[in-house]
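The sequence shown maps to residues 1 to 494 in the UniProt record's numbering.
The block underneath contains the structure these notes are about, expressed in structure tokens.
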Amino acid sequence: MFGLVADDVTGANATAARVAARTGIPGRVVLDPGTWTAPAATDDADPLAAAADAEPSLHVVPTHSRTVEPAEARRRVRTAFLGLRRRGCRRFGKRIDSTLRGNLGAELAGALDALPGHLAVVVAAFPASGRATVAGRLRIHGVPLLDTEAARDPVTPVTDDDVARLLVAQSGLDVRYLPPGPAGYGDDLPERLARLHGAGVRAVVLDATTDDDVETLAALVARAPVPVLAVDPGPFFAAWLAHQPEVGAAGAGTRTPPAPAAATTPPPLRERGPWLVVAGSLTTLTDRQLAALCRRWPVARLRAPLDQLLADPEGCAATLLPAVNAALERWGLAVVETDRRQVLGGTQTGGSVSGGAAQRVAHALGRMAAQLTERLPPLAGLVLTGGDTAAAVATALGAGGLRITSELAPLVAGGSLEGGRRSGLAVITKGGLVGDDHLLIRLLEHRVGRADPATAPSHAGEGADRSDPRARAGSSDPGAGPVPGRLTTEVQGR
């Protein structure tokens with residue numbers, strides 16, 4: 001049994017999706033870390049510990065620690081790894097953000113607190129998503145990280161693109177950068193890692209610029225004669241697992257997963273039907289993706305005033321329900337989002353928000369989206385963008401976990417809710433800095449279908465005044481400001 005700890009849910013899902021694509025092993029993402037971090041009564045009574053010798057399985061614990069204080073992040077990660085060990089996991093990974101946001105060093109220290117004999121091997125690259133490390137520094141689509149949107153993230157801005165230096169500054173650990181030779185990393189890498197481990201080094205940073213680089217590193221590191229903690233945004237961990245003897249020759253023989261299906265072939269997830277997009281990410285990339293989506297399908301971008309959302313999420317859901325249902329009936333698609341301008345203090349870009357405030361907004365958005373999901377006709381699925389948002393929506397629906405079965409694009413996961421009031425409902429999750437402007441269109445192009453009017457609930461006397469154009473999906477004035485006490489909409493590409 002394999003264990004992975006991630007700092008947020010979308011990252012956890014993305015790595016589980018990569019593992020499923022690379023090895024065929026589905027992943028279970030636990031939404032409440034307490035269910036895994038609490039000590040089991042006895043090892044014999046714990047079915048997960050008994051499963052350690054059964055078929056290979058991946059269990060993922062998101063610690064929701066990207067925006068908390070470093071000491072708390074370290075504690076959460078240490079506790080999560082101890083829980084995974086106690087329940088029978090034998091090989092471990094630590095998922096880090098693909099743009100180095102969050103408490104990377106503190107969380108690495110927490111992981112190694114729980115795994116004192118392990119050497120952390122850090123490969124911060126995700127080449128299929130444009131993330132590459134060159135001379136120990138992260139570049140995004142060839143651009144230095146500090147010149148990208150990640151450096152200006154409104155919640156967790158990045159201040160250094162030198163991976164080893166960043167980890168040392170945040171953890172105080174002995175972290176070394178090991179550069180490749182002229183021909184890359186060679187067959188001596190396993191022994192070099194062993195020597196560094198023997199000298200007391202806790203973590204080693206390696207470069208990768210291509211998928212082949214990641215595959216080569218995974219095969220070499222799998223031969224290291226020391227226990228390894230794989231630290232990366234996902235592809236290195238997945239490839240490293242594929243080279244473990246428990247996975248077998250089939251996994252090791254499968255190279256990098258194929259590119260997502262072409263636009264003419266719908267990727268498998270579920271049948272066509274109505275989809276609800278819930279966007280809590282505050283990034284400008286998410287804003288552009290939603291704008292493109294609403295040009296493809298001319299639906300309103302529905303928002304609740306921030307003060308009302310925080311005070312009464314369920315009431316906001318009742319207000320938005322007629323407009324959401326109308327969009328699903330007409331287009332098979334509805335979009336509900338955080339009001340970025342209000343959250344960021346009146347500006348669309350350049351603002352900032354504390355981690356605690358961002359989580360409060362995500363929690364309220366999750367409760368509102370869950371109410372909508374439960375009161376709408378049956379949905380084909382949910383698209384959840386932003387790690388806090390994905391966790392909040394799933395938790396508000398009572399789900400205990402997410403079963404991740406497919407990788408729909410780099411850093412985009414497909415799966416379903418486990419448990420709760422909508423168990424089995426399909427979900428697609430992505431981070432706020434994932435993909436290009438048209439990613440959401442590609443994800444939904446072959447999945448969106450109109451809701452069946454026969455299954456639509458009656459909204460007579462409920463929620464917003466339908467005579468108000470701002471309360472009808474697809475018919476709001478994009479230039480109008482919000483109406484006090486009413487929902488806010490934005491229409492793109494009319």
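Glycine included, C-beta positions come from ideal geometry on N, C-alpha and C.
Checklist entry - Pick from A73, H438, V175, P190: whose alpha carbon is nearest that of A120? => result V175
Checklist entry - Between which two residues does the alpha helix (DSSP H) harbouring L285 extend? => result 284-296
Item to check | Buried/exposed call for residue 497, threshold 16 Cβ in 10 Å | outcome: A question about residue 497 goes unanswered here, because the residues of the chain that appear run from 1 up to 494.
Checklist entry - With a Cβ-Cβ cutoff of 9 Å, do A124 and L138 count as a contact? => result yes
Next on the checklist: What residue range does the alpha helix (DSSP H) around V19 cover?
Outcome noted: 9-23
Checklist entry - Which first and last residues belong to the alpha helix (DSSP H) in which H197 is found? => result 189-198
Checklist entry - With DSSP run on the structure shown, which of helix, strand or coil describes A369? => result In the three-state scheme derived from DSSP, where H, G and I count as helix and E and B as strand, A369 is classed as helix.
Checklist entry - For E215, which option in T63, V204, G186 has the closest C-alpha, if you only look at C-alpha atoms? => result G186
Checklist entry - Under 9 Å between the Cβ atoms of V361 and V383? => result Their beta carbons are not under 9 Å apart, which means V361 does not touch V383 by this criterion.
Item to check | R403 to P182 span [Cα, whole Å] | outcome: 42 Å
Checklist entry - When DSSP builds the beta bridges, which residues end up paired with I140? => result R131, V143
Checklist entry - Among the residues of its own chain, which have a CB less than 6 Å from the CB of V77, if the five just before and after it don't count? => result V5, T63, E107, G110, A111
Item to check | Distance, R74 Cα to A169 Cα | outcome: Their Cα atoms are separated by approximately 14 Å.
Checklist entry - Going by other Cβ atoms of all chains shown within 10 Å of its Cβ, with 16 needed for buried, is E69 buried or exposed? => result It is exposed - the Cβ of E69 has fewer than 16 other Cβ atoms within 10 Å.
Next on the checklist: At 3 residues or longer, what runs of the beta strand (DSSP E) sit wholly inside the segment 42-120?
Outcome noted: 58-62, 91-95
Item to check | Rounded separation between A242 and D232 - CA only | outcome: Rounded to the nearest whole angstrom, the CA to CA distance from A242 to D232 is 15 Å.
Next on the checklist: Excluding the 5 residues flanking T133 on each side, which residues of the same chain have their C-beta closer than 8 Å to its C-beta?
Outcome noted: V123, A124, A125, R139, V163, V205, L206, D207, A208, T209
Item to check | Inter-residue Cα distance where the pair is A219 and W240 | outcome: 6 Å
Checklist entry - What residues in its chain sit with their C-beta under 6 Å from that of V143, if we drop five residues either side in the sequence? => result none
Next on the checklist: Please classify G273 as buried or exposed, where buried requires at least 16 other C-beta atoms within 10 Å of its C-beta.
Outcome noted: buried
Item to check | Closest Cα partner of M1 within the set G88, A17, F81, A199 | outcome: G88
Item to check | Contact set for L433: own chain, Cβ-Cβ below 7 Å, skip 5 residues either direction | outcome: Shown here for L433: same chain residues with a beta carbon closer than 7 Å to its own, the five before and five after excluded, namely T99, E149, A150, T283, L285 in chain order.
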